Amino acid sequence: MFVSPNAVQWFARQAPAGCHWPEHTLLAAPGPGTAQAALEALQPQGLLAQHIISPSADSEQFDSEHLWPLLQGMSWAEQSVVVVGGGEDGQPKGRQWLSKQWAQAGARVHTVVAYERRAPRWEAAHMALAQEAYALPAAHAWLLSSSQAVAHLIDLMGKPPSGAVALCTHPKVAATAQEAGFGKVVDTRPQAADVAQASQSLSRT
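Residue numbers for the sequence shown follow the numbering used here, beginning at 279 and rising by one.
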């Protein structure tokens, strides 16, 4: 199971030359973006579209909770599951909800850290833009795709001004943004069209 396109891309980059996707091994993805990234990166190694299990593009949300119903009816007893994602200092980082569901179903769950998650290193132009957004919060909107992104922003810039606006691609991220002090928080699906529509709705208010 790959948690994100980043996980797919870095896993594929680190794969030894000449390795092949096992013929009967399934690949789980939380959404169509990760599924497409997996097909593009791993198809040369033998991955086929029929190997991939992922919520459809019209799913209400793309996360572990919407992926699990597609998986829970399978027989997991004594099966091996590998969760590929990001981490910090070589250790897995992120929610363990899906891993717990697999473990409760009898699977042996392992994790692979394919890339490191770190705070951004902004150049002067990036910092200047962020300072402008904090100074004129009503004229800007922050697009936030993870709770970690919110935490890093606070570390870099401090608490957002009361009028700051956040577009968040998951309800849990939206809750984190509200707790952080964003004055207006809009929850949207992580699809380009949905984000664009949410952004346009902001410009009309």
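The C-beta atom is built at its ideal place from N, Cα and C for all residues, glycine as well. Just so you know, these numbers come straight off a predicted model, no measurement behind them.
Closest Cα partner of residue i within the set the options
| i | options | result |
| --- | --- | --- |
| Glu338 | Asp433, Ala470 and Thr466 | Thr466 |
| Glu356 | Ala383, Pro438 and Gln350 | Ala383 |
| Pro322 | His302, Ala293, Ala307 and Ala335 | Ala293 |
| Gly363 | Met279, Ala295 and Ile432 | Met279 |
| Gly441 | Leu434, Ala429 and Ala455 | Ala455 |
| Ile331 | Glu301, Leu305 and Ser282 | Leu305 |
| Trp380 | Gly351, Met435 and Pro398 | Gly351 |
| Asp472 | Met405, Gln328, Leu325 and Ala335 | Ala335 |
| Ala474 | Ile432, Leu421, Met435 and Val463 | Leu421 |
| Thr484 | Ser282, Gln369, Gln328 and Val281 | This structure cannot speak to residue 484, because the chain is shown only from 279 to 483. |
Residue i, DSSP secondary structure in three states
| i | result |
| --- | --- |
| Phe280 | strand |
| Gln357 | coil |
| Ala476 | helix |
| Gln350 | coil |
| Arg291 | helix |
| Leu326 | coil |
Residues near residue i by beta carbon distance below 7 Å, same chain, minus five either side
| i | result |
| --- | --- |
| Ala290 | Ala319 and Leu320 |
| Ser377 | Val361 and Val387 |
| Lys371 | Gly364, Gly365 and Arg395 |
| Pro398 | His430 |
Proximal residues to residue i (C-beta, below 8 Å), its chain only, five neighbours per side dropped
| i | result |
| --- | --- |
| Glu410 | His418 |
| Trp346 | Leu376 and Gln379 |
Residues near residue i in its chain [Cβ-Cβ closer than 6 Å; skip 5 each side]
| i | result |
| --- | --- |
| Cys297 | none |
Residue-chain proximity (residue i, chain D), Cβ-Cβ < 8 Å
| i | result |
| --- | --- |
| Thr303 | The structure shown contains no chain D; it is built from a single protein chain. |
Discussion item. Contact between the region 315-328 and the region 282-301 is defined here as three or more beta-carbon pairs at a separation below 8 Å; is this criterion met?
Written reply: Contact between the region 315-328 and the region 282-301 is present, because at least three Cβ pairs lie under 8 Å.
Worksheet item: If we count Cβ pairs, one from each stretch, closer than 8 Å, do we get three or more for the region 420-436 versus the region 448-456?
Response: With a cut-off of 8 Å on Cβ pairs, the region 420-436 is in contact with the region 448-456, counting three or more such pairs.
Fill in: Any alpha helix (DSSP H) of 4 or more consecutive residues that is wholly inside the region 427-476
Entirely contained in the region 427-476, the alpha helix (DSSP H) runs reaching 4 residues are, in chain order, 449-458.
Worksheet item: Taking one C-beta from the region 295-311 and one from the region 324-340 each time, how about it: are there three or more such pairs within less than 8 Å?
Response: Taking 8 Å as the limit for Cβ pairs, the verdict is that the region 324-340 does touch the region 295-311.
Worksheet item: Where are the beta strand (DSSP E) runs, 3 residues long or more, that stay fully inside the region 361-435, in chain order?
Response: Within the region 361-435, the beta strand (DSSP E) runs of at least 3 residues that lie entirely inside it are, in chain order, 386-394 and 420-422.
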